[in-house]
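**Student:** Pasting a structure below so you can have a look.
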Amino acid sequence: MVEAIAAGRQKVSVEETLWKKLEEARSLVFELSGRGIPIYGCNTGVGWNKDKKVTKEFITGFNNSMLHSHAVGVGPYAPVEVVRAVMAVRLNGFLNLCTGISPGIVRMYQEFLNREIHPLMPVRGSVGQADIGNLSHIALAVTGEGCAEYHGEILPVSRILKQEGLKPAVPAEKDGLAMISSNALSAGWACLVLSRAEKILTTADVISCMSLEGFGGNTSQLRTEAAKKRKYEGQIETAKAMNSYLKGSFLYEADSSRPLQDPLCYRSTSQVHGAVRDALYYAEKELSIQINSSDDNPCLLQEERDITPSANFEPLAWVLPLEMLSIAFSHISKASCLRSIKLANPAFTRLTRNLSPQESVIAFSTIQKTFTALDAEIRSLANPVSMDTLPLAGEIEDRSTNAPLVVGRLEKILDDLCYILGIELMLAGQAMDLRKGKILGEVTGRGFAVLRKKIPFYDKDDRVLTEDIEAVCEMIKEGTFLRKLNI
């Protein structure tokens, strides 16, 4: 759902019954505040200033000051789809009824999404313990300040609201904190990254199968009977999928010249990809909990008629799986590189060196440096960063997770991996052309046809490969390759 909203394919609606519940939650905030109960960010300051009282006369000024002082994000600005994902996640958070926010502000978030008003929000500046420095930019836009992307133009929000007939929100008790005390940047962005990760993982499955055909390898390691003995769901699912992609392939024919076992980068593909798939499912499960629950501080407890300080903004439960996933995709990268190296080696393939079409052509030699450099970058990006924090706000906020940095690094890993998988695809296609006349699998055969419509066989003369690499990478990155396979 978040991905559909981010892409503009899904309008946002709020159930009518929830508006009444939002009003009730709002009334409870007024009731508790009226009793003189200290409420963080409502009648007290925030952070280091939590010991300072906020008088009723200064409520509006305090909320505006909070938004201005907390708007500290730095560039680059988030793409439109990320901004939409962030707003959708925060809107859904409001509907958990733990903020006590003004219903009018909730409606503004809905209107912004449905009218395609996208505030300019910098992606850096959060330590990953609530993205307050970034979400303040969206909150300010809701109050009529700043600029936004609107139908392809960057315009002042005040002008956009006037054109749309909308009035700027005026934040009152607790509204400022409710809009910004959330991990919505990290969580919304992560929703998009995980969706993309799932598609790239499936693409990696297909390309590894095409690579196995180019290598002339064994399918015995893909037997689901053996996979079921291991009992890892990801491995079983991956082995089953890979067999379906290779269905009808020449690899299932008996060949006495074929070695009994392949190198591990081929032999353990279903195990490696299966482990990554399990890690991905775990990350998706934890992130789903995050976006469908409250991370608010303080937390309004309607049934108990109370409000309590909370550390539910602590995102480690889903940041750790994201870091695990970065390491997991690093394994996919390494295995892909190793397979590409093997494809160029006639000692393994019994084809020409570097898959050259003839002796005078150098072919796929120097390209090994390209994917090796990219793999080194992925390896560095896979290093955990959730521990790299400093004590802030008078040393009260003395831990954090760097959640946006974790999400951004995973996204960059996926970007680089598209290049690495693209190069393996190029080599696999070249190897199959050199094998001449072999029957390919149902899906791998379609993959080969898609590849050859994008780039030609490496024939006769050496050519600049950068354009080929970029073309194939774009096909993987944009999802075109996977869509054309119809799986």
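Going by full-length UniProt numbering, 44 is the number at position 44 of the sequence shown; the sequence numbering is gapless. A virtual CB, placed ideally from N, CA and C, is assigned to each residue, including glycine.
(1) Take Ile469 and list the residues in its own chain whose beta-carbon comes closer than 8 Å to its own, dropping the five residues that flank it on each side.
(2) In angstroms, rounded to a whole number, what distance separates the CA positions of Leu287 and Arg353?
(3) Alpha carbon to alpha carbon, how far is Ala184 from Lys53?
(4) Using beta-carbon positions only, say whether Leu91 and Ser136 come within less than 8 Å of one another.
(5) Which same chain residues end up closer than 8 Å to Val385 when comparing Cβ atoms and leaving out the 5 residues on each side of it in sequence?
(6) Near Gly441, what residues of its chain come up, given a Cβ to Cβ distance below 6 Å and the 5 sequence neighbours on each side ignored?
(7) Please name the residue or residues paired with residue 521 in a DSSP beta bridge.
(8) For the beta strand (DSSP E) that contains Tyr77, what are its first and last residues?
(9) Let me check one thing: in DSSP terms, what residues is Pro119 bridge-paired to?
(10) As a quick exercise: from Glu411, Ala88 and Thr202, pick the residue whose alpha carbon is nearest that of Arg483.
(11) So the alpha helix (DSSP H) Asp468 belongs to, where does it begin and stop?
(12) Suppose contacts are defined by Cβ-Cβ distances below 8 Å. Is Val157 in contact with Gly125 by that definition?
(13) Would Arg379 and Ser310 be called neighbours here (beta carbons separated by less than 8 Å)?
(14) Using the Cα positions of Pro321 and Thr60, report the straight-line distance between them to the nearest angstrom.
(15) Name the DSSP beta bridge partners of Asp306, please?
(16) Can you tell me the Cα-Cα spacing of Gly188 and Asp433, whole angstroms?
(17) For Pro38, collect the residues of the same chain with a Cβ closer than 7 Å to its Cβ; drop the 5 residues on either side in sequence, then sort them by chain order.
(18) Could you check where the alpha helix (DSSP H) with Glu233 kicks off and where it finishes?
(19) Which residues in the same chain as Leu95 place their Cβ atom closer than 8 Å to its Cβ, once the five residues preceding and following it in sequence are excluded?
(20) On a CA-only basis, which of Glu411, Ile487, Leu417 and Gly437 is nearest Ala190? Give me that one, please.
(21) Quick check on the burial criterion: 16 or more other C-beta atoms within 10 angstroms. Buried or exposed for Ile289?
(22) So, Arg159 versus His118, is the Cβ gap smaller than 8 Å?
(23) Using the Cβ count rule (16 or more neighbours within 10 Å means buried), how would you classify Arg230?
(24) According to DSSP, which residues form a beta bridge with Glu424?
(25) When we look at the beta-carbon of Val464 and count the other beta-carbons within 10 Å, is it buried (16 or more) or exposed?
(26) Contact between the region 108-118 and the region 158-176 is defined here as three or more beta-carbon pairs at a separation below 8 Å; is this criterion met?
(27) Could you give the first and the last residue of the continuous alpha helix (DSSP H) run that contains Tyr109?
(28) Just the Cα atoms here: how many angstroms apart are His70 and Phe313?
(29) Residue range of the alpha helix (DSSP H) that Ile37 falls in?
(30) Apply the 10 Å Cβ neighbour rule to Pro456 and answer buried if 16 or more other Cβ atoms are within range, or exposed otherwise.
(31) Since Asn243 and Tyr40 should fall inside the 8 Å C-beta cutoff, what is the C-beta to C-beta distance between them, to a whole number of angstroms?
(32) Only counting the same chain, and skipping five residues up and downstream in sequence, which positions put a Cβ closer than 8 Å to that of Leu485?
(33) Could you please give me the residues that DSSP links to Arg124 through a beta bridge?
(34) Using three-state DSSP, classify Lys438 as helix, strand or coil.
(35) With distances taken from CA atoms, which of Trp318, Glu395 and Leu355 is nearest Asn292?
(36) Check whether the region 142-158 and the region 276-286 touch, using three or more Cβ-Cβ pairs below 8 Å as the test.
**Tutor:** Reading it off the structure:
(1) Looking up residue 469 in the sequence shown gives position 469. Cβ neighbours of Ile469 within its own chain (closer than 8 Å, five residues either side excluded): Ile367, Thr370, Tyr419, Gly422, Ile423 and Met426.
(2) Taking the sequence shown and counting its residues from 1, one reaches residue 287 at position 287. Taking the sequence shown and counting its residues from 1, one reaches residue 353 at position 353. Near 46 Å, if we compare the C-alpha coordinates of Arg353 and Leu287.
(3) Taking the sequence shown and counting its residues from 1, the one referred to as residue 184 is at position 184. Taking the sequence shown and counting its residues from 1, the one referred to as residue 53 is at position 53. Within the model, the alpha-carbon separation for Ala184 versus Lys53 is close to 28 Å.
(4) As a first step, residue 91 is located in the sequence shown; it is residue number 91 there, counting from the start. As a first step, residue 136 is located in the sequence shown; it is residue number 136 there, counting from the start. For the pair Leu91 and Ser136, the CB atoms are not nearer than the 8 Å cut-off.
(5) On the sequence shown, position 385 is the one that residue 385 refers to. These residues qualify, in order along the chain: Glu323, Asn402, Leu405, Val406 and Arg409.
(6) One-based indexing of the sequence shown puts residue 441 at position 441. The residues are Tyr245, Leu246, Lys247, Gly248 and Ser249.
(7) The structure shown does not extend to residue 521, since the chain is modelled only from 1 through 487, so no value can be given for it.
(8) Here residue 77 refers to the residue found at position 77 when the sequence shown is read from its first residue. In the DSSP assignment, Tyr77 falls within the unbroken beta strand (DSSP E) covering Val74 to Tyr77.
(9) Taking the sequence shown and counting its residues from 1, the one referred to as residue 119 is at position 119. Bridge partners of Pro119: Ala148.
(10) If you number the sequence shown from 1, residue 483 lands on position 483. Considering only Glu411, Ala88 and Thr202, the residue with the shortest C-alpha distance to Arg483 is Thr202.
(11) In the sequence shown, counting from the first residue as 1, residue 468 sits at position 468. Segment Thr466 to Lys477, the alpha helix (DSSP H) holding Asp468.
(12) Locating residue 157 in the sequence shown gives position 157, counting from the first residue. Locating residue 125 in the sequence shown gives position 125, counting from the first residue. No, these two residues do not count as a Cβ contact at 8 Å.
(13) Looking up residue 379 in the sequence shown gives position 379. Looking up residue 310 in the sequence shown gives position 310. It is not a contact, given that the beta carbons lie outside the stated cut-off.
(14) Residue 321 sits at position 321 when you count from the first residue of the sequence shown. Residue 60 sits at position 60 when you count from the first residue of the sequence shown. Rounded to the nearest whole angstrom, the CA to CA distance from Pro321 to Thr60 is 40 Å.
(15) Residue 306 sits at position 306 when you count from the first residue of the sequence shown. Assignment of beta-bridge partners to Asp306 by DSSP yields Leu301.
(16) Here the question's residue 188 lines up with position 188 in the sequence shown. Here the question's residue 433 lines up with position 433 in the sequence shown. Each residue's Cα considered, the two are about 43 Å apart.
(17) On the sequence shown, position 38 is the one that residue 38 refers to. Contacts found: Thr44.
(18) Sequence index remark: in the sequence shown, residue 233 carries index 233 (1-based). Counting along the chain, the alpha helix (DSSP H) containing Glu233 begins and ends at Glu233 to Tyr245.
(19) Position 95 of the sequence shown, counted from the first residue, corresponds to residue 95. The beta carbon of Leu95 sits closer than 8 Å to the beta carbons of Val14, Leu18, Leu22 and Val106 from its chain, once the five residues preceding and following it are set aside; these are given in chain order.
(20) Position 190 of the sequence shown holds residue 190. Of the listed residues, the one whose Cα sits closest to Ala190 is Glu411.
(21) The residue labelled residue 289 in the question sits at position 289 within the sequence shown. Label assigned to Ile289: exposed.
(22) Against the sequence shown, residue 159 aligns to sequence position 159. Against the sequence shown, residue 118 aligns to sequence position 118. If you check the CB distance, Arg159 and His118 do not come in under 8 Å.
(23) Looking up residue 230 in the sequence shown gives position 230. Exposed.
(24) To locate residue 424, count along the sequence shown from 1; it is residue 424. For Glu424, which the question treats as bridged, DSSP gives no partner whatsoever.
(25) Translated into positions along the sequence shown, residue 464 becomes position 464. The C-beta of Val464 has fewer than 16 other C-beta atoms within 10 Å across all chains shown, which makes the residue exposed.
(26) For the pair of segments examined, the region 108-118 was found to touch the region 158-176: the number of CB pairs separated by less than 8 Å reaches three.
(27) If you number the sequence shown from 1, residue 109 lands on position 109. For Tyr109, the enclosing alpha helix (DSSP H) begins and ends at Pro103 to Asn114.
(28) Looking up residue 70 in the sequence shown gives position 70. Looking up residue 313 in the sequence shown gives position 313. Rounded to whole angstroms, His70 to Phe313 spans 17 Å at the Cα level.
(29) Counted from its first residue, the sequence shown places residue 37 at position 37. Annotation: Ile37 is outside any alpha helix (DSSP H) and is labelled neither H nor E by DSSP.
(30) Counting from 1 along the sequence shown, the entry for residue 456 is found at position 456. For Pro456, the number of other beta carbons within 10 angstroms of its own is below 16, and it is reported as exposed.
(31) Working through the sequence shown from its first residue, we reach residue 243 at position 243. Working through the sequence shown from its first residue, we reach residue 40 at position 40. Rounded, the Cβ-Cβ distance is 56 Å, inconsistent with contact.
(32) Within the sequence shown, the letter at position 485 stands for residue 485. Sequence-distant partners of Leu485 (beyond 5 residues in either direction) whose C-beta falls short of 8 Å from its own C-beta, in its chain, are Val206, Val443, Arg446, Gly447 and Val450.
(33) Within the sequence shown, the letter at position 124 stands for residue 124. For Arg124, which the question treats as bridged, DSSP gives the partners Val74.
(34) One-based indexing of the sequence shown puts residue 438 at position 438. Residue state, collapsed to three classes: coil.
(35) As a first step, residue 292 must be located in the sequence shown, where it is residue number 292. A check of alpha carbon separations from Asn292 across Trp318, Glu395 and Leu355 identifies Trp318 as the nearest.
(36) Pairwise C-beta distances place the region 142-158 out of contact with the region 276-286, as fewer than three of them are shorter than 8 Å.
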